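Quick mapping for you: the protein sequence lines, in order, are chains A and B.
Quick note: the first sequence uses the UniProt record's numbering, first residue 1, plus one each step.
Quick note: the second sequence uses the UniProt record's numbering, first residue 1, plus one each step.
Inspection log for the structure reproduced underneath, given as structure tokens.
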Amino acid sequence: MSNSVLIPYNKVPQYQLATVLLVGSEGLGKHGFGKCLIKNTWFYLQVRTATTLPLPVTSDSSRPRIDYICFLIDLTSRDSLKTVEESLKHVDVRYFLGKCCFVALKVKNPEKRAIFIEQIAQLSQQYKSDVLYGSFETEAESAFLAEQILKSVEIAAGLQKNKSPMFLECCRFPVAGEESAE
Amino acid sequence: MYQTLIHKYSSEYDETWRQEKPAHQQIDRFTPYGRTPQSRRISTAVPTTRGRRKNVHTRTKSRSDSSSEAEDLKGFTNVTWRVYKLSPLYKFSSAPKDLKRYGQLLSSCVEAANQKGLFVENNVSGKALFCVQEGLKKTADDPDAIQILVKGKKGLGTVDTVILTATLCGVEMEGDLLVPDVKGHFTYYPVLLVKSTVAMTDVLITWLMRHFDCKISPLVFPPVYMAWMIAMWSGALANTNRKNKPVELVYQVPSECEGIKKITYTIEAADCLRVWNSIHDSKSDMFTEEEMSTFISSLEEHFYSLFRVKLNAMQLSCVGTSLCYIGRDGILKIYSAEHVSCILRHLTELSMEHFSLTRGRKSTVTDRVVGTKGREVCVLYNSKLEWTYPVSYLRYIVMEI
């Protein structure tokens, strides 16, 4: 497939292994966070990082199936929001059913903020995915974010029995049938 | 006397807070004015659907004679002001005899500070004057703008010079932020402008805080707001005949790049106006967020195409247009007398936004405490807003989550 869109279900899943892709501009601390994810995980995990999507087509065959995508946005730089928005165009729509999330970083410096926090909230509403707020400054904060992400990753990779990301998405919004019955 | 003042109003506040507390799931947050938090986050006070709409300077709400007003406000131009935001002042009146009394109290305070040797140059005498400033009260809601002057002799000079100039004002304040029951006791001035040395400014601010039981802090402008201001005001030409000052953006380069600390990006005013006109429809009064981001990104992309330097990854530290120059830490210099009121109006809006964040928000069960930073606690609300509070507020938060 010469298509540059990242598709969730076009490869065979790996046995008992989950793969996370961290997408974000340079200098955010993706590698450090990847190590933190691996340290805090209770299942087998592989972390991959990228600055932008689409991922290069040449190494496509050696790449495993990506189970979960984290888009990292730095609130003090307009550039990171721009790269994330451009990368979003190269992601298949099935990833937005519980297999991706947005992470807003450097939330603790309001005086350095370069984008409105409403823009992030708008992004998450538009793509119907979670936003996590935090920073990578200390070990504890990274571990806090890692824990939340790992819970979603486990379900997205199918490692939890009888749970699929679609079930969680159904719980998020009210089902139309209920409303009409009232 | 000041001790009893604090005690009286704070007990008043505790009672009103307790009365207002309804069912535990959805709670109207009411923060007592005196113990204002050390830091506030920006969020829209009213929920907006698409983009935030802001008023462009071209139309002011009230009719005023612009030429005479420009004369009155000339004192504001070409002076470097420091901008502060205030919480409401308790028992402040603008009656002439009260103003005179405040002047005497401030003078004695300045004298005391003088004797303690706080000032580098010895001022022989410091006399403070409070008077009502004309030309800034635009609507009936605005409180009377007050001007504070401190005159004294600097060093060995014999002539009286003005050591400090300050203005307390609020221009075109929309809406009433004060709770009706306590409105009689408090006056709300959103903005304080001060021009003076650091030591004198400290004296004035501590005196105001002690005397009127308020909290004064510098109004910092994060890069988002500076981008707003430059986008709104680059389209305004101060004087079509004179040569206008170019539009200037100063960026701070992150420390990883060696050898370069800041980048100053200067654009001719006329070119900037052309870009602005192509983005914004000059007939409309409102300037939307999309127009602002288009403007800023077009300037930054142009720079990138020429120099391959990504300005959007850097922090904006100062912004200058032909109307005014704004620095990040609350420094302001206005060049054009006609636009003083619209600039002050914008500052009033920003300051009021800061203030109204702590009032009337509803917190729900999905809120959670994210982490702690020193003496502050970060709290998330509905995954959309984000707050820090000093530890003294912790008891309120714990009860509500």
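Beta carbons are placed, not taken as given, at the ideal position from N, Cα and C, and that holds for glycine.
Quantities reported herein were computed from a predicted structural model and do not represent experimental measurements.
Inset, instruction - Measure from the C-beta of residue 253 of chain B to each C-beta in chain A and report whether the shortest distance is under 8 Å. - result: no
Legend entry - Complete runs of the alpha helix (DSSP H) confined to the stretch 264 to 347 of chain B [at least 4 residues]: 269 to 279 and 289 to 307
Inset, instruction - Return yes when the Cβ of residue 37 of chain A is within less than 8 Å of the Cβ of residue 47 of chain A, no when it is not. - result: yes
Legend entry - Of the residues B/169, B/316 and B/294, the one placed nearest residue 406 of chain B, counting alpha carbons only: In the structure displayed, chain B extends from 1 to 401; residue 406 of chain B sits before or after that span and is not available.
Inset, instruction - Kindly identify the DSSP beta-bridge partner or partners of residue 233 of chain B. - result: Paired residue(s): none; residue 233 of chain B is not in a bridge.
Legend entry - Boundaries of the alpha helix (DSSP H) in which residue 151 of chain A is found, first to last residue: 139 to 156
Inset, instruction - Compute the Euclidean distance between the alpha carbons of residue 208 of chain B and residue 219 of chain B, then round it to the nearest angstrom. - result: 16 Å
Legend entry - chain B contact for residue 128 of chain A (CB, 8 Å cutoff): no
Inset, instruction - Starting from residue 310 of chain B, find everything on chain A with Cβ-Cβ shorter than 7 Å and list it in chain order. - result: 79
Inset, instruction - Please say whether residue 136 of chain A and residue 29 of chain A have beta carbons closer to each other than 8 Å? - result: yes
Inset, instruction - Measure from the alpha carbon of residue 102 of chain A to the alpha carbon of each residue in A/117, A/112 and A/109, then state which is nearest. - result: A/117
Legend entry - Residues that residue 166 of chain B bridges to, as DSSP identifies them: B/148 and B/194
Legend entry - In DSSP terms, what residue 216 of chain B is bridged to: B/86
Legend entry - Proximity test, Cβ basis, 8 Å: residue 147 of chain B and chain A: no
Legend entry - Rounded C-alpha distance that separates residue 63 of chain A from residue 217 of chain B: 53 Å
Legend entry - beta strand (DSSP E) segment containing residue 170 of chain A, residue limits: Run containing residue 170 of chain A: none in the beta strand (DSSP E); it sits in the alpha helix (DSSP H), 165 to 172.
Legend entry - residue 110 of chain B burial status per 10 Å Cβ neighbour count (16 or more: buried): buried
Legend entry - Buried/exposed call for residue 212 of chain B, threshold 16 Cβ in 10 Å: buried
Legend entry - Cβ-Cβ distance between residue 250 of chain B and residue 261 of chain B below 8 Å: no
Inset, instruction - Going by DSSP, name the residue or residues bridged to residue 5 of chain A. - result: DSSP output for residue 5 of chain A lists no bridge partner at all.
Inset, instruction - Tell me whether residue 21 of chain A sits in a helix, a strand or coil according to DSSP, three-state version. - result: strand
Legend entry - Local Cβ density within 10 Å of residue 10 of chain A, reported as buried at 16 or more and exposed below that: exposed
Inset, instruction - Tell me whether residue 161 of chain B is buried or exposed, calling it buried when 16 or more other Cβ atoms sit within 10 Å of its Cβ. - result: exposed
Inset, instruction - Would you list the one or two residues that DSSP bridges to residue 129 of chain B? - result: B/149
Inset, instruction - Compile a chain-ordered list of the residues in the stretch 311 to 331 of chain B whose CB is closer than 8 Å to at least one CB of chain A. - result: 312, 313, 314, 315, 316 and 328
Legend entry - Residue from B/275, B/309 and B/307 with nearest C-alpha to residue 293 of chain B: B/275
Inset, instruction - Verify the CB distance criterion: does residue 113 of chain A have a CB-CB separation below 8 Å to chain B? - result: yes
Inset, instruction - List the endpoints of the continuous alpha helix (DSSP H) containing residue 112 of chain B. - result: 96 to 116
Legend entry - Proximal residues, the stretch 221 to 237 of chain B versus chain A, C-beta separation under 7 Å: 222, 223 and 224
Legend entry - Range covered by the alpha helix (DSSP H) that runs through residue 114 of chain A: Residue 114 of chain A -> no alpha helix (DSSP H), and no H or E assigned at all.
Legend entry - contact_flag[the stretch 70 to 87 of chain A, the stretch 8 to 25 of chain A] where n(CB pairs < 8 Å) is 3 or more: yes
Inset, instruction - Could you tell me which chain B residues have their CB closer than 8 Å to the CB of residue 76 of chain A, listed as they occur along the chain? - result: 223 and 315
Legend entry - Any chain B beta carbon closer than 8 Å to residue 151 of chain A: no
Inset, instruction - Would you please verify whether the beta carbon of residue 43 of chain A is less than 8 Å from any beta carbon of chain B? - result: no
Inset, instruction - Kindly indicate if chain B contains any beta-carbon less than 8 Å away from that of residue 35 of chain A. - result: no
Legend entry - residue 106 of chain A CB to nearest heavy atom of the ligand NAP below 7 Å: The ligand NAP is not part of this structure, which contains no ligands at all.
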